[in-house]
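Trainee: Each residue of the sequence shown is one higher than the one before, counting from 99 in my numbering. Sharing a structure here in C-alpha cells format.
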Amino acid sequence: MIGFLIVLAAMTATPDGIGYSSAPAALEALKARGGVTISEGGGWTTVDDKVNGTLWSFTLPGHPAHPAAVRRTVVMENG
99 MIGFLIVLAA MTATPDGIGY SSAPAALEAL KARGGVTISE GGGWTTVDDK
149 VNGTLWSFTL PGHPAHPAAV RRTVVMENG
C-alpha cells in the first residue's frame with residue numbers, strides 16, 4: 099500500500115494524474131469549492147464530493163507517503 103501511495107504521489111506532479119498539479123493543490127481547491135464533506139481520521143483527510151461521485155483521500159503530515167492523494171470516482175459502464 100505504501101509503495102502504491104508513493105507512486106501516486108509522484109504521479110500528482112503532472113495535471114493528468116489527479117487533475118491538479120499536486121495533492122496539496124487538490125485539497126485546497128476542494129476546500130475552496132465547497133459543497134463537499136471533509137473529515138480526518140486514521141492519518142488521512144477524506145473529502146466526499148457527492149455531486150461528482152468522487153471520494154478523495156489525502157495523507158496527513160507524518161505519513162510516509164505525504165503528500166499524496168487517492169481519488170476514487172464512481173463510473174457507470176454499459177449502463
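Heads up, the beta-carbon is just placed ideally off N, CA and C, and yes, glycines get one too.
Using 8 Å for Cβ pairs, my map puts THR157 next to ALA166. What's the rounded Cβ distance?
Mentor: Along the sequence shown, one-based indexing puts residue 157 at 59. Along the sequence shown, one-based indexing puts residue 166 at 68. At roughly 5 Å, the Cβ-Cβ gap stays under 8 Å, so THR157 and ALA166 are in contact.
Trainee: Identify whether VAL149 lies in helix, strand or coil by the three-state DSSP scheme.
Mentor: In the sequence shown, counting from the first residue as 1, residue 149 sits at position 51. VAL149: helix per DSSP, three-state reduction.
Trainee: Hey, could you find the ends of the beta strand (DSSP E) GLU138 is sitting in?
Mentor: Here the question's residue 138 lines up with position 40 in the sequence shown. Where GLU138 is concerned, the enclosing beta strand (DSSP E) stretches over 135 to 139.
Trainee: Taking 7 Å as the cut-off, decide whether the C-beta atoms of ILE116 and ARG170 are in contact.
Mentor: By 1-based counting over the sequence shown, the position of residue 116 is 18. By 1-based counting over the sequence shown, the position of residue 170 is 72. Taking a C-beta distance under 7 Å as the contact criterion, ILE116 and ARG170 do not qualify as a contact pair.
Trainee: Would DSSP call ALA167 helix, strand or coil?
Mentor: Your numbering for residue 167 matches position 69 in the sequence shown. In the structure shown, ALA167 sits in a strand (DSSP, three-state: E or B).
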